[in-house]
Structures are given as C-alpha cells and as structure tokens.
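These protein sequences, in sequence, are chains A and B.
When we follow the working numbering, the leftmost residue of the first sequence carries the number 78, and every step to the right adds one.
When we follow the working numbering, the leftmost residue of the second sequence carries the number 930, and every step to the right adds one.
Ideal placement from N, C-alpha and C gives every residue a C-beta, glycine not left out.
Just so you know, these numbers come straight off a predicted model, no measurement behind them.
Structure first, commentary second.
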Amino acid sequence: MSGSNELSRRDFIKVTTGIVGGLIGAVIGLPTVYYLIDPALREGGKESWVPIGKFDDMQIGVPYPFSFTRVQVNGWERTASSFGGYAVRNSDDPADLLVLNSTCTHLACTVNWSEEANAYLCPCHDAKFSIEGEVLDGPPPRPLDVYEEHRITEDGIVEIFFKEA
Amino acid sequence: MWKNIYLWLDERIGFNDLYANLLDRPEPKTTWWNTLGSASLFLFVMQGLTGIFLTVYYTPSPDHAYDSINYIMEGVAFGWLIRGIHHWGATLMVILVFIHMLRVFYTASFKYPRELTWLIGIGLFLATLGMGFTGYLLPWNQKSYWATVVGTQIAGTVPFIGEFTLKVLRGGPELSALTLQRFFSAHIWIIPAVLAALIGVHLFLIIKHGESHFPTKED
Ligand code: HEM
Ligand code: FES
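Here's what the structure looks like:
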C-alpha cells in the first residue's frame, strides 16, 4: 500500500472508531444516567381524603380517638405506617373542630388522652399536652400538630386531607 | 493550561511509549478472527458496567431478589435496557470466549512461547462459565432456582469430595438465603476479581509476545 493511502486509511479507522465508540457510549450512557436518577424524579406524596369517624359520635369536650394505616410503596417494598390522632369539638358549631395528630412533637412517641389528667400524656418522656394540644409540661418544643384541612361529608363522616411525605 | 497539564503528565507517563507499545504494535497479517479476544474484553467491560448499575436496585435476598428484578424491568427508566444488555451480554460472552479459544486452538497459537497465555485462557474460560452459573441464580425465579439445584447436585456427584463441594456451593445442604448471598458475592466480587487479574496477565503476555502468525499450508 502506498504511504498516503495508508495514512488516510488509518485516519479513517480512527475517525470511525471514535464515532462508533461515541455512539455506543451515548446510547448506553444517557439511559444509564436516567436509570440512576429515576427514583429522584418520582412524584412523591400521594394525597387523599381519609375518613376518621362519624361527626355525631364526636362529643363536645371529649377527644375522639382515631387511627388509620397507609401503605407506602418504595420500589418493590411496601411499608405500612400507622397514623392517629384526636378530633376535638368545643362547641355545637360543626366548623369548630380541631383534629390533632397524636404523634408527640418531642421524639414521635404516640400520646394518649387521659381523662384523669385532663391532658394528652406521652409515655416516653412524660410530656403533657392540653386538650387543644398546647404543651403543659415536658420536653416537646411545640404544640401537637394539627390536620388543618378537614371536611364533613354528606353522610356526616369527618375526613382529613392526608399527604404522604 | 491544558497543554501544560498534558506536558506534565506526558513527562511522567510517556504517552508516546504507551501508544507505541499498546496500540502501534507490529502485527502479522491478521483477520477478523484476531478480534475475538478484544471483543471478549469489550463484553467483560460492558458486563462490569451494566452489572454495577444493576446492583443499584438488585437485592440479593430471597424476600426481595425477585421483586427487585421485577422493579428493574418495569419500575425504573431503562431498567430493561441495562438488564437486557447484561442478560444477553452474558450469553454472548460465553460464546465469544469459546470461539476465541477455538480459533487459538485451530491456528495453533497456543504453542511456544504462548503456552502460558493459553493456560491463563483456560482459567478465563472457566471463570466466564462461573460468572454465568452464579449469575443465573440471582433473579431467584423458578428456572434459576431449579437450575441451581441441579447444577450444584451435579457437583455433588463427584466421588469423595462431592458432598462437601455441594455444601460449600450451597452454603449448607439445601438451597437457601445463604446460597443466594454467596452466589451474589462470587458473581460481583470474587470471580470478577479473578477475571480481571487473569485478563491483566493475559494481555501482558499478548503484548509481550505479539500476535502469532497463522500457520501456512507448509507448516
Ligand atoms: C475473558 C476471556 C478472554 C479475554 C478477555 C481474552 C482476551 C484476549 C485478547 C484481547 C487477545 C489478543 C487478540 C486476539 O488474538 O484475539 C487474546 C489472545 C489470546 N488468547 Fe485470549 N481472551 C480470553 C479468553 C481466552 C481463552 C478461553 C483462551 C484459551 C484457553 C485464550 C487464549 C489466548 C491465546 C493463546 C491468545 C494469543 C493468540 C495469538 O497470539 O494469536 N483466551 N485474548
Ligand atoms: S417523645 Fe413524647 S415526650 Fe419524648
């Protein structure tokens, strides 16, 4: 083979190798990036209205306990988490309804209403919350969380708006 | 600035020497049959990369292996592609390595001074088969489970040491979580490490000896 011919043949091979290699790299590399970050692109937090009890069963001045379970799917794993709280009515007015989350604002134990103490007591570090969720005693940094959005259906069922983390 | 960095590196590494020794080696007249080793190497690298990406989601536990593979196939973007390449690449690699071995045999390239290249090649072939055998169990489906029951059973028929071998392979007398975990470990750490080391020596010897001439009619 003559010199100039061989050179161009070499260059041809170099360029072709580069292009083919680049193509293979792109065709596999780009989907791979997508593959790796896919879970981060997922819409998190399913939203739903969760029924917690009949409005008529909630007596004025007596915290009404409720609980529900949500199943969260992470990849191939399903995790059931329990949630709970107290619905508190202070007057006849249906709008006057406070729905508290019973997760202690200190370290997330579950508080229980105590008739005797007239307070929610936390078993973990002896916190005390008033019927409205104000901190009366103990280490919690803030009042009990409140399910702000709730509604009463036509059938008289109280539902709270729940968004997964 | 890039030029200075390049020069600094070049002074310490010697890119020209590297280029001359690795890529600009003298070769006898070669054919497409001489590309099979490089093709095997390419597949080894591909299997390594796609394998690493699969471990991002795959879970080697009897509770989760099957579901996590399912998730890769249906839940993750391009999971089917990554797994597909790894799945078909595995079969292709066994075939390619085997044809590579056949061509080396057929062209008598295993003779002096390349016997050691050949012996290491045998190790490479066995290790490649080992990758296929251990990888097959990982999806933990019916086919892979029973294939491994049978495969390990075969090892169990060896006289004297058979039963012991079977227990070592299975991590006990039965297939269990221990089997899956040790197959996984073998598949992603032990055998690839062996393969990489053997490939290193294999390539060193090939560069040292150069490619062999194909025998002619007179030989
Ligand atoms: C993972 C598997 C393997 C890889 C990555 C690999 C890689 C390579 C490469 C890149 C070459 C130089 C190009 C060529 O001649 O094709 C080569 C040559 C060679 N291989 Fe392999 N190889 C593998 C398996 C084997 C097996 C199973 C054998 C035989 C038992 C073997 C024996 C040889 C010999 C003797 C040569 C020198 C051929 C010559 O100089 O003409 N290799 N190998
Ligand atoms: S968790 Fe409730 S007081 Fe500490």
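Taking 8 Å as the cut-off, the Cβ atoms of Thr-1046 of chain B and His-1131 of chain B count as close. Close to Gly-1008 of chain B, with beta-carbon spacing below 9 Å, are these residues of chain A in chain order: Tyr-112 and Asp-115. Contacts with chain B (Cβ-Cβ distance below 9 Å) from the stretch 144-168 of chain A involve Gly-152, Trp-153 and Glu-154, listed in chain order.
A distance below 8 Å between beta-carbons, with the five flanking residues on each side excluded, links Pro-171 of chain A to the following residues of its chain, in chain order: Phe-132 and Ile-229.
For Arg-155 of chain A, the enclosing beta strand (DSSP E) covers residues 154-166.
Nearest to Asp-953 of chain B by alpha-carbon distance, out of B:Leu-1031, B:Tyr-935 and B:Asn-945, is B:Asn-945. The stretch 145-157 of chain A and the stretch 178-193 of chain A do not touch, with fewer than 3 CB-CB distances between them shorter than 8 Å. Under the 8 Å criterion on CB atoms, Thr-180 of chain A is classed as non-interfacial with respect to chain B.
Residue state for Ala-949 of chain B is assigned as helix, using DSSP reduced to three classes.
Contacts with chain A (Cβ-Cβ distance below 9 Å) from the stretch 975-987 of chain B involve Met-975, Leu-978, Thr-979, Phe-982, Val-985 and Tyr-986, listed in chain order.
Relative to the non-hydrogen atoms of the ligand FES, the Cβ of Gly-1004 of chain B never comes closer than 7 Å to any of them. If you draw a straight line from the Cα of Val-212 of chain A to the Cα of Val-148 of chain A, it is about 31 Å long. For Trp-1069 of chain B, the three-state secondary structure derived from DSSP is coil.
The three-state secondary structure of Gln-976 of chain B, taken from DSSP, is helix. With the criterion set as a beta carbon lying under 8 Å from some beta carbon of chain A, the members of the stretch 992-1018 of chain B are His-993, Asp-996, Ser-997, Asn-999, Tyr-1000, Gly-1004, Val-1005, Ala-1006, Phe-1007, Gly-1008, Leu-1010, Ile-1011 and Ile-1014, in sequence order. Residues with their Cβ less than 7 Å from any non-hydrogen atom of the ligand FES, running along the chain, are A:Cys-181, A:His-183, A:Leu-184, A:Ala-185, A:Cys-186, A:Val-188, A:Cys-199, A:Cys-201, A:His-202, A:Asp-203, A:Ala-204, A:Gly-215, A:Pro-216 and A:Pro-217.
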